[in-house]
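Heads up, the sequence shown is in our numbering, so the first residue is 14 and it goes up one at a time.
We treat Cβ as the ideally placed atom computed from N, Cα and C, and that holds for glycine.
Note that the coordinates shown come from a computational prediction; the quantities given were computed from them, not determined experimentally.
Reading through the structure tokens given below for one structure.
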Amino acid sequence: MAPAAVCIARARKKSEIADEWAALAKDDAVPDELDPDLQQSVNEVVNKGLRYMLKGETSRLYEYRDELSKFGQYFSDRNNVAGATFIYTVYKMTEHILPEQMVNLEGIYLTAFEKMFALLEDSGWQLQKEPKEGEELELDEEPSEEELSALRYTA
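Quick look at the structure:
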């Protein structure tokens, strides 16, 4: 090989090594779509929330919201706006609210939200748009048969 070709080959090799090292240094910056551990965690969080909402386990929802807050803090500490927005959206859904921020979801978070929303929408878990400042949230919940049978009318 000619000396110039050797120098070019060595420079290319050093450049490839530098790229590998840079990739390793940015390991925390792996896109969420390529992080299987993160995807599994998101899946577990969504499934747990769905179970509690679909079963109407209110007391467990309070504990679940604490977990969501910790998960949201994890995303905030890493400046992961997409993840934090998703967790906020799920948190608000446990309160029967669809926050305006849901329109910013994308990638794995949008997919998870869409699946969760579809299941909740068909279940009777009522979701309403987030009220504007000063407005109150009104749920038009149908009373259950238990509640109706427990009513006593007096004349």
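By the CB criterion at 8 Å, Q114 and T98 fall inside the cutoff.
Pairing I121 with Q52, the inter-Cα distance amounts to about 8 Å. By DSSP's assignment, Q141 forms a beta bridge with I110. If you compare the alpha carbons of G69, R78, V94 with that of Q139, the shortest gap goes to G69. If one requires a minimum length of 4 residues, the alpha helix (DSSP H) runs lying completely within the segment 86-137 are 94-106, 120-136, in chain order.
Contact check for T102 against L74 fails: the beta carbons are separated by 8 Å or more. By the criterion of a C-beta distance shorter than 6 Å, P112 is surrounded in its chain by T102, K105, E143, once the five residues flanking it on both sides are discounted. Assigned with DSSP and collapsed to three states, D45 falls in helix.
In the assembly as shown, V94 is an exposed residue. Its beta-carbon has fewer than 16 other beta-carbons within 10 Å. For the pair E119 and P44, the Cα-to-Cα distance works out to about 12 Å.
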